[in-house]
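A.B. asks: Residue numbers (our numbering): 37 to 229.
Backbone N, C-alpha and C define an ideal beta-carbon position, used for all residues, glycine too.
First the structure, which I've put down as structure tokens, then a few questions once you've had a look.
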Amino acid sequence: MLHRVFIAIELPKNIKEELGSYQNEFKQILPAKWVEPENLHITLAFLGNQTDEKILKIKEILRNITSNFSHFNLETKKIVFGPEKNYNFEKLNKIPNLIWVEIQKNELIKELYQKIYDNLKTINIFLENREFIPHSTLCRLRTWEFKRLDLDEILSLERDIFLSFKVDKIVLMESILKRKGPEYKVLETFNLK
Numbered sequence: 037m038l039h040r041v042f043i044a045i046e047l048p049k050n051i052k053e054e055l056g057s058y059q060n061e062f063k064q065i066l067p068a069k070w071v072e073p074e075n076l077h078i079t080l081a082f083l084g085n086q087t088d089e090k091i092l093k094i095k096e097i098l099r100n101i102t103s104n105f106s107h108f109n110l111e112t113k114k115i116v117f118g119p120e121k122n123y124n125f126e127k128l129n130k131i132p133n134l135i136w137v138e139i140q141k142n143e144l145i146k147e148l149y150q151k152i153y154d155n156l157k158t159i160n161i162f163l164e165n166r167e168f169i170p171h172s173t174l175c176r177l178r179t180w181e182f183k184r185l186d187l188d189e190i191l192s193l194e195r196d197i198f199l200s201f202k203v204d205k206i207v208l209m210e211s212i213l214k215r216k217g218p219e220y221k222v223l224e225t226f227n228l229k
């Protein structure tokens, strides 16, 4: 049986609630497909559809990595449009797909990502070879609705946001696609030392 899986950092409840309050504010301005606050997370690696056998190997790799990796702190930086940087909203020649919370630069999360990336190759799982930008997606934009906003409304959505939290575990999650949106199920939690 195939499972659609990814590796993530779950956000603490208080951070999810804080980000949920921003979502509620933005919903009045921007109709979009909003991520439920309880589902907010930072994706370290999307692995796609994997067999039960491959998931056992992924779990073993994650156990090995986390048993030797110390916990660390992360801070949010700002709410921005993604996945590109520096959109020109006056011309609207390129429309963003997402609004996300960008995470402050942090060498430890990049090191953790790199260890996961390198170790997954050993079991023939190859992640996209692109820059890792730690973030938590707040919503997916609908292009035609976004184009109807005026410039002031668009610019009011981006803002600095400084929240700090401890990362002491990562999770292997299954994403079960449903009509109302994805449902996430934790397959296993891996504590950092």
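For the structure I just gave you, are there three or more beta carbon pairs, one from the region 180-198 and one from the region 66-81, closer than 8 Å?
C.D. replies: Because the criterion of three Cβ pairs below 8 Å is met, the region 180-198 and the region 66-81 touch.
A.B. asks: Between which residues of its own chain and Val222 is the CB-CB distance below 7 Å, once the five residues before and five after are set aside?
C.D. replies: Cβ neighbours of Val222 beyond the five flanking positions: Val207 and Met209.
A.B. asks: Along the chain, which unbroken stretches of the alpha helix (DSSP H) at least 4 residues long are found entirely within the region 127-159?
C.D. replies: If one requires a minimum length of 4 residues, the alpha helix (DSSP H) runs lying completely within the region 127-159 are 143-157, in chain order.
A.B. asks: Let me check understanding here. Comparing Cα to Cα, which of Leu80, Leu134 and Lys205 lies closest to Tyr149?
C.D. replies: Leu80
A.B. asks: So is His107 buried or exposed if we call it buried at 16+ other beta carbons inside 10 Å?
C.D. replies: exposed
A.B. asks: Closer than 7 Å by C-beta to Lys52: which residues in its own chain qualify, once you throw out the five before and the five after it? Chain order, please.
C.D. replies: The answer, listed in chain order, is Pro73, Glu74 and Leu76.
A.B. asks: Within a Cβ cutoff of 7 Å, which residues of the same chain sit near Thr158, ignoring the five residues on either side of it in sequence?
C.D. replies: none
A.B. asks: Identify whether Gly56 lies in helix, strand or coil by the three-state DSSP scheme.
C.D. replies: helix
A.B. asks: Going by DSSP in three states, His106 sits in which element: helix, strand or coil?
C.D. replies: Sequence inspection shows Ser at residue 106; the His mentioned does not correspond to that position. Ser106: coil per DSSP, three-state reduction.
A.B. asks: Thinking just about the alpha-carbon of each residue, which of Lys49, Asn133, Glu126 and Leu228 is nearest to the one in Arg178?
C.D. replies: Asn133
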